[in-house]
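In our numbering, the protein residues as written are 1 to 229.
Presented below is the structure to which this report refers.
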């Protein structure tokens, strides 16, 4: 497996060619490589987002998690392994119920922060993931917060301001790299009661080209939010 092959896989992923990426991964040599295992986890995870069938979606998420675990087992200090383990663990724990999701919050945050320490200066995606983590933790109501405190001994804290900083950092590294980053920049400004700052981000989010499920979600949600401004 060459650096050129890994680069091609990354280009296919960025172009939302998930099935083609999976087909290529399965044909490559060195199936035990950490670099290949986390890319396999990433690809299967995004294939789960494309599925309309609930059972298939859940099955793909769990398959992706198994691949992420295998990647991390191969190299616990690998940037991609930590990044995608955190992202997929977050989704998998949601499937396993509220209590399990709460129990895994600290673990998800730990792997995101580890990934930031390994390659945060050049990868916008990990900052977006950490931003979403902070944003979603900030929007829980007081009842859920009490439940979190009762289940997790040292639950992470977050704020919309911290989420905004993460999304802004991601955008500064690579502008327009991900439709949902535009959406969450707008949503973070709205959460901070800054509608004027939110509007241009939401307008850009509402105009993205739809190539995959995340793009569709971005356009639809941004369009609805703009109607309320």
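Even for Gly, the Cβ is constructed at its ideal location relative to N, Cα and C.
Looking at the backbone, the Cα of residue 106 and that of residue 96 are separated by about 16 Å.
A check of alpha carbon separations from residue 134 across 163, 149, 140 identifies 163 as the nearest.
A residue is called buried once 16 or more other Cβ atoms fall within 10 Å of its Cβ, and residue 21 is buried on that count.
Residue 1 and residue 148 have their C-alpha atoms roughly 44 Å apart. Around the beta carbon of residue 98, fewer than 16 other beta carbons lie within 10 angstroms, which makes this residue exposed. Here residue 83 has 115, 126 as same chain residues with Cβ atoms under 6 Å from its own Cβ, once five neighbours each way along the sequence are excluded. Of the candidates 104, 12, 16, 10, the residue whose Cα lies closest to the Cα of residue 213 is 16. In the DSSP assignment, residue 166 falls within the unbroken alpha helix (DSSP H) covering 160-173. Rounded to whole angstroms, the separation of the alpha carbons of residue 117 and residue 58 is 30 Å. Looking from the CA of residue 208, the closest CA among 176, 228, 170 belongs to 176. C-alpha of residue 137 to C-alpha of residue 194: approximately 20 Å in a straight line. Contact between residue 13 and residue 42 holds: CB atoms are separated by about 7 Å, below the 8 Å threshold. Classified as exposed, residue 196 has fewer than 16 neighbouring CB atoms from the shown chains inside 10 Å of its CB.
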